[in-house]
Amino acid sequence: MLGFLATEKERERWVQDQSYKHPQIFYNDTEARKYTSSSRIVDIQAKLSERALELLALPEDGVPRFLLDIGCGSGLSGETLSENGHQWIGLDISQSMLSVALEREVEGDLLLTDMGQGLAMRTGVIDGAISISAVQWLCNADKSCHNPRLRLKAFFGSLYRCLARGAKAVFQMYPESLAQRELILGFAMRAGFAGGVVVDYPHSSKSRKEYLVLTCGPPSVSTTVPTGKGEEGGSSSDDESSGDEDNHTVSISDRHRPRKKMKVSKKDRKWVLKKKEQMRKKGNIVPPDTKYTARKRKTRF
Amino acid sequence: MRLLTHNMLSSNIKGVTNGFPLLIEAEKFIEKTVDFNPDFLKNMYPKIEWKALVSAATSMGYNQLPEEVEPSMLESEEFLKKFHHALLELHLEEGALICPETGRRFAVIKGIPNMLLHEDEV
Chain D
1 MLGFLATEKE RERWVQDQSY KHPQIFYNDT EARKYTSSSR IVDIQAKLSE RALELLALPE
61 DGVPRFLLDI GCGSGLSGET LSENGHQWIG LDISQSMLSV ALEREVEGDL LLTDMGQGLA
121 MRTGVIDGAI SISAVQWLCN ADKSCHNPRL RLKAFFGSLY RCLARGAKAV FQMYPESLAQ
181 RELILGFAMR AGFAGGVVVD YPHSSKSRKE YLVLTCGPPS VSTTVPTGKG EEGGSSSDDE
241 SSGDEDNHTV SISDRHRPRK KMKVSKKDRK WVLKKKEQMR KKGNIVPPDT KYTARKRKTR
301 F
Chain B
1 MRLLTHNMLS SNIKGVTNGF PLLIEAEKFI EKTVDFNPDF LKNMYPKIEW KALVSAATSM
61 GYNQLPEEVE PSMLESEEFL KKFHHALLEL HLEEGALICP ETGRRFAVIK GIPNMLLHED
121 EV
């Protein structure tokens, strides 16, 4: 549920925040309402779910599918599924979020459940699953009985069982660290999933988005990982076998690149003239443009 | 909660080998009209446990479904309409789902089943 945090700083603070809170507690009535009443969050959530649905690559035959929305919250992502004509079940651990979903009259069914306890579904019945900003919650240990490893194992194991063969699951996530991402990916692979991480806009700190794309069944041609958006020549596509190392280096250098260097603004004569013109249009008193305007100063000045 | 969802749910309490189907204890159920889509029904048909659907529909007071089915019946519009009504239009609003093996009750409040397990059930 981090989709609304645009800047790195906001996101870091949020991740810190959530690392000692539990979704059941964190999303109380006020948080839940706040989350859904912001049009910016709604917009970002819709975009994320749209992309997740695209990565799910369901056959385009116009037949509605039966999907899971894991960590559905107030049903923002489920709405995208409904708009595309699919039937879905939303799972969430927060009663408050589900109450908001009820008020908004979402079309899917809702279940109050903890994904870390495994999904209570029959074998091979689900056509696909999406999850927007939710899996990283699994890595928290909020109660003494919680063991992130066991919870991840239970979750991916039960997900693998309830998906139909060849069905896909797409998780949009914000891992706290590389180790956390490896942990999540590792447990997915151990459960039998094939796939990897797709990174959209890997070079942008703002719009960088990670999607874990998993396919139920052994690796084959059809289970290759799609490439992310905004990449150059696929150099950073995160393919679990070969591209993994590369991508990690790319993302590290990305994250630690000094922010200042990224926005070098050239305040040259042209820029000054433009600004002066703007000020004039506003009606301000601006000195006339001369040959001295924006001239170079000597360094000792 | 629709019967479609009920048909997919299975109790996952530790040690339970056959948690399907969950018995329905209906206190209040409602009907909502949903657009009829035969393609979806045909796609879902192989995944539905028919017996569980029939008994679930009966416990909600709907007994128009035939006991026995075969794929050829999917051609009949009348059958599809009944199937559609049972699967998507009947909602369990208040009541409980009961695990067939352990008898554990999962309360359904405002149409949302509470499937959270206790620590010792994981």
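Residue numbers (UniProt numbering), protein chains in the order written: chain D, 1 to 301; chain B, 1 to 122. Ideal Cβ placement from N, Cα and C applies to all residues, glycine included. Since we're looking at a predicted model, the values are computed, not measured.
Taking 7 Å as the CB threshold, Leu98(D) lines the interface with chain B. By the CB criterion at 7 Å, Leu41(B) and Met60(B) fall outside the cutoff.
Ala294(D) has its alpha-carbon roughly 58 Å from the corresponding atom of Leu58(D).
Under the DSSP assignment, Cys216(D) falls in the beta strand (DSSP E) whose first and last residues are 209 to 216. For the stretch 155 to 186 of chain D, the set of residues with a beta-carbon nearer than 9 Å to any beta-carbon of chain B comprises Ser158, Cys162, Ala164, in chain order. With 16 or more other Cβ atoms inside 10 Å of its own Cβ, Ser49(D) counts as buried. Interface annotation, Arg105(B): not in contact with chain D, CB-CB separation never under 7 Å. Interface with chain B (7 Å Cβ-Cβ cutoff): Ala120(D) is included. By the rule that beta-carbons nearer than 7 Å mark a contact, Glu27(B) does not touch chain D. Distance from the CA of Gly283(D) to the CA of Arg297(D), rounded to the nearest whole angstrom, comes to 29 Å. Here Arg105(B) has Ala96, Ile98 as same chain residues with Cβ atoms under 7 Å from its own Cβ, once five neighbours each way along the sequence are excluded. A direct Cα-to-Cα measurement between Tyr27(D) and Val63(D) gives close to 35 Å.
When the five nearest sequence neighbours on each side are left out, no beta carbon in the same chain lies closer than 6 Å to the beta carbon of Glu79(D). When only Cα atoms are considered, Ser11(B) and Asn18(B) end up about 8 Å apart. In this structure Ile13(B) is not in contact with Glu93(B), their Cβ atoms being roughly 24 Å apart against a cut-off of 8 Å. Within chain B, the C-beta atoms nearer than 7 Å to that of Asp114(D) come from Leu116, in chain order. Take the alpha-carbon of Lys270(D) and the one of Ile285(D): they are about 19 Å apart.
Per DSSP, Leu68(D) is one residue of the beta strand (DSSP E) stretching across 66 to 70.
Your pair Gly90(D) and Gly75(D) checks out as a contact, with CB atoms roughly 6 Å apart and the cut at 8 Å. For Leu102(D), the chain B residues whose C-beta falls within less than 9 Å of its own C-beta are Lys110, Gly111, Ile112, listed in chain order.
For Arg33(D), the enclosing alpha helix (DSSP H) begins and ends at 29 to 37.
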